[in-house]
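Numbering (UniProt numbering), first residue to last: 1 to 586.
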């Protein structure tokens with residue numbers, strides 16, 4: 001609740017005006033039964049048509065004022081609710097972007113998506129209804145009771161008994177259902193996770209003919225969600241019939257005792273009708289209040305879930321400012337551009353290190369290759385260099401400075417990563433190449449396109465750099481996507497370039513042309529190439545061989561063929577005698 005109030009601070013005016021106009025509408029609504037009572041007792045009883053018309057005009061006037069007040073209140077409540085949700089959604093999104101990869105792994109993508117969308121929408125609806133009804137409905141209920149006392153004190157005691165009973169029903173159901181709605185949202189997370197995995201991996205599911213298994217899994221999770229929703233729905237559904245029973249019993253009591261009073265002459269027929277109308281107003285408002293309570297219960301449960309995300313502190317801290325002297329002195333002293341000293345990483349939740357005791361020294365302009373089988377830890381090493389994860393042991397240094405002591409903005413400028421999975425966003429090629437930086441010169445973009453071997457196919461596309469990429473880059477082939485990903489990494493003009501197995505979809509000729517272009521045009525850039533292809537690493541000044549997270553070889557291609565059995569096995573498995581000769585030519 002405090003979190004919601006914090007985001008409503010800038011909408012104080014709207015939060016005051018919306019309930020105020022709703023209260024104004026309620027005041028006019030409370031006068032209606034009095035006017036109707038006067039029509040019955042004076043106009044109809046005395047056959048006074050002029051009085052009836054006069055009261056009818058008054059009813060129309062009250063309706064018009066009430067409608068204007070209601071529309072105004074709706075405008076201010078919607079403005080406050082949407083503004084609050086917008087600011088909250090932005091804050092959550094900004095906070096999520098600031099989390100480390102470890103935090104993403106722990107929380108889960110599906111959970112974060114649910115909290116950004118469904119949960120915040122529920123909060124928005126809750127705020128909107130609270131501003132419109134939370135004061136109006138109780139005001140009508142107690143206002144109707146007070147107006148009933150002005151008509152007849154003894155009959156009004158029916159209201160005194162009815163209202164506490166109704167309050168007990170409404171708030172009792174709220175207390176029961178609030179934790180259950182939280183469980184509903186958690187089960188919704190699971191359904192969303194399964195849906196996301198199935199849609200993302202639909203090709204794999206079909207390739208292994210696992211549709212039936214995934215259908216069973218999804219059906220089971222969906223059924224769990226359905227069962228819990230039915231239970232909560234049944235409990236919440238009790239609110240309307242119980243309130244109807246209580247209110248209708250009260251109406252019966254009103255009519256019964258009112259009829260006796262009319263019979264003995266202590267009350268008029270119009271007054272009984274007025275009391276009946278007030279009780280009907282209470283019924284309508286309590287139905288609204290019941291629905292409001294359900295919405296508030298959902299909103300508070302969702303607010304707790306959103307607040308739990310905002311409460312997550314990033315497991316990775318970045319310094320705001322680096323000591324300028326450190327880096328300059330290290331560079332002048334001819335320190336290595338990149339260095340890993342006994343670096344190890346254990347992912348959260350794992351009992352063993354994914355990589356351990358990795359040592360690497362690279363000077364400016366060096367091309368370092370990293371090779372190994374699937375699961376050997378190649379990508380983990382790339383994650384350490386780019387500081388997507390912090391080393392649990394050892395250290396990673398750039399220009400002799402630990403990456404933990406380099407501000408994020410500076411680190412991003414120095415290190416550019418082309419990830420294993422090619423990801424492009426909907427928009428133009430230019431927008432994808434200049435992500436986060438709008439000041440990249442045209443000649444830098446041209447060089448990035450040429451080095452990445454993207455110019456070959458982009459020159460055939462309409463618009464060239466302004467060619468529009470569809471969602472998920474469906475209008476590009478796998479190789480084209482990989483080349484544009486490489487171009488994006490090059491556009492940042494980095495000092496250290498990491499290519500994490502990002503040329504797997506390229507044919508050998510294009511791959512060779514890419515490597516030659518890197519050697520030719522990026523002489524001052526320290527390049528780390530991670531690949532399962534031995535051919536992709538032939539131009540490297542040094543190759544590191546990984547196996548099960550450990551370094552088992554280090555040296556040039558020729559040295560590893562003589563000294564490293566694992567590298568020799570990888571090489572021999574990929575090349576025939578003829579291919580070796582061709583590969584050696586590269």
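C-beta: ideal position from N, C-alpha, C; glycine also.
query: With distances taken from CA atoms, which of 412, 226, 278 is nearest residue 137?
result: 278
query: Closest by CA to residue 169, which one among 192, 294, 120?
result: 294
Supposed contact pair residue 68 and residue 128 - C-beta distance, whole angstroms, cut 8 Å: Wrong, their Cβ atoms sit about 19 Å apart, outside the cutoff.
query: Taking the alpha-carbon positions, what's the residue 273 to residue 114 distance?
result: 50 Å
Among 244, 455, 400, 185, the one whose alpha carbon lies nearest that of residue 224: 185
- prompt: residue 42 to residue 34, Cα distance in whole Å?
  reply: 12 Å
- prompt: Secondary structure at residue 314, three-state DSSP: helix, strand or coil?
  reply: coil
field: Check whether residue 437 and residue 394 have beta carbons under 9 Å apart
entry: no
Contact under 9 Å by Cβ, residue 588 with residue 415: Beyond the ends of the chain as shown, which are 1 and 586, falls residue 588; an answer cannot be given.
- request: Evaluate residue 105 with the Cβ neighbour count: other Cβ atoms within 10 Å of its Cβ, from every protein chain shown; 16 or more gives buried, anything less gives exposed.
  value: exposed
Beta-carbon separation (whole angstroms), residue 528 vs residue 486, contact threshold 8 Å: Between residue 486 and residue 528 the Cβ distance is about 13 Å, and since that is not below 8 Å, they are no contact.
task: With distances taken Cα to Cα, identify the nearest neighbour of residue 85 among 100, 455, 59, 118.
output: 118
- prompt: Can you name, in chain order, every residue of its own chain whose Cβ lies under 6 Å from the Cβ of residue 568, other than the five neighbours on each side?
  reply: 561
task: With DSSP as the reference, label residue 547 as helix, strand or coil.
output: strand
task: Leaving out five residues on either side along the sequence, give the residues of the same chain with a beta carbon under 6 Å from the beta carbon of residue 165.
output: 246
task: Return the CA-CA distance between residue 266 and residue 254, expressed in angstroms with no decimal places.
output: 14 Å
- request: Quick one: residues in its chain with C-beta nearer than 6 Å to the C-beta of residue 542, no 5 flanking neighbours on either side, listed in chain order?
  value: 368
task: Give the C-beta separation of residue 303 and residue 3 to the nearest angstrom, bearing in mind that I take them to be a contact with Cβ-Cβ under 8 Å.
output: 6 Å
- prompt: In three-state terms, what does DSSP make of residue 344?
  reply: strand
message: Helix, strand or coil for residue 526? Go by DSSP, reduced to three states.
response: strand
- prompt: Based on the DSSP output, what are the partners of residue 629 in its beta bridges?
  reply: Examination of residue 629 is not possible in this model, given that the chain is present from 1 through 586 alone.
message: Quick check on the burial criterion: 16 or more other C-beta atoms within 10 angstroms. Buried or exposed for residue 577?
response: Residue placement at residue 577 is flagged as unreliable, the pLDDT there being 40, under the threshold of 50; the coordinate-derived value follows with that caveat. Exposed, by the Cβ-count rule.
- prompt: Tell me the DSSP bridge mates of residue 393?
  reply: 344
message: Using only the alpha-carbon positions, how far apart do residue 423 and residue 429 sit?
response: 12 Å
query: Under 9 Å, do residue 550 and residue 383 count as touching if we go by C-beta distance?
result: no
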